[in-house]
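K.L.:
Here it is: the structure, laid out below.
Residue numbers (the numbering used here): 71 to 355.
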């Protein structure tokens, strides 16, 4: 699809007689593993006009994510650990998100009040529901949501939501579908615990499980968590370890490639998804 052949050992290059420099290219997983002889071979291929990309560059250019299979790669880990976001970018992001969150709260306050009334009418229970989440650097903070589940929904313990979750109320179904239940988290953006755009914060109890199952999982907390993110606009609601692996692949791409323009793209894509009622439901039942 992209004009590349397949992944092979560099010793096999001489056997591929049909390669053409105007159509084919080479992706290097880790150039540090190559011998001087192999590096000379690559230089010759480059001089012949072949496209040569690092694995990180190829993933960024064509997949726009770092798949879980490659997260443990030395090159990817090195890129993320050495990435430094400028203080100017941080200040611009913080100021713009604070201003926009305050504006959204003012505009959407009637929607929040109306939703609160419907929640109270349905079962008379609490309007808000709070949870601990892991934030920037793994620090724990508390988020608030409009309650979308039945009272005592977690009396059997913490669990992922599923597509036909019997714990979700009738009002809660629509609150989740329209993402209205997430609006109180704008307060977390105002007080600095969250950003508008960033990796979604996970519950500490679930993070313990994911950290054991997914290599370098804690890299996602190199940035302040967000109300929406690159993973949310590219992948539906996560409800399993495999879903979390997929979302991490997008989160790490966002962290490495963060920019104001990128944030705006994600923000407007989030609005589009909300109006199309997409991305708020788990994939599996």
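By construction, the Cβ of each residue, glycine as well, lies at the ideal position given by its N, Cα and C atoms. Since this is a predicted model, take the numbers as computed values, not measurements.
Based on DSSP bridge pairs, tell me the residues matched to residue 98.
P.N.:
124
K.L.:
Count the CB pairs spanning the segment 163-181 and the segment 128-138 that are closer than 8 Å, and state whether there are at least three.
P.N.:
In short, these stretches do not touch, since the Cβ pair count stays below three.
K.L.:
Do residue 325 and residue 141 come within 9 Å of each other at the CB atom, strictly closer than that value?
P.N.:
no
K.L.:
Count Cβ pairs between the segment 322-338 and the segment 296-306 that sit closer than 8 Å; are there 3 or more?
P.N.:
By the criterion of at least three beta-carbon pairs nearer than 8 Å, the segment 322-338 is in contact with the segment 296-306.
K.L.:
Determine, using beta carbons only, whether residue 217 and residue 236 come nearer to each other than 9 Å.
P.N.:
Contact check for residue 217 against residue 236 fails: the beta carbons are separated by 9 Å or more.
K.L.:
I need the straight-line Cα distance from residue 73 to residue 98, nearest angstrom please.
P.N.:
Model confidence at residue 73 stands at a pLDDT of 49, short of 50, so the residue's coordinates are unreliable; what they give is reported in the following sentence. Answer to the nearest angstrom: the Cα atoms are 15 Å apart.
K.L.:
Tell me whether the segment 262-274 and the segment 152-172 touch, counting them as touching only if at least three CB pairs, one residue from each stretch, are closer than 8 Å.
P.N.:
Yes, the segment 262-274 is in contact with the segment 152-172.
K.L.:
Give me the Cα-Cα distance between residue 355 and residue 308, rounded to the nearest whole angstrom.
P.N.:
At residue 355, the pLDDT of 47 sits below 50, so the modelled position is not reliable and the matter cannot be decided from this model.
K.L.:
Since residue 280 and residue 257 are thought to touch, with beta carbons under 8 Å apart, how far apart are those beta carbons, to the nearest angstrom?
P.N.:
Incorrect: roughly 26 Å between the Cβ atoms, too far for contact.
K.L.:
Between the Cα of residue 342 and those of 254, 303, 318, spot the shortest distance and give me the residue it belongs to.
P.N.:
303
K.L.:
Using the Cβ count rule (16 or more neighbours within 10 Å means buried), how would you classify residue 254?
P.N.:
buried
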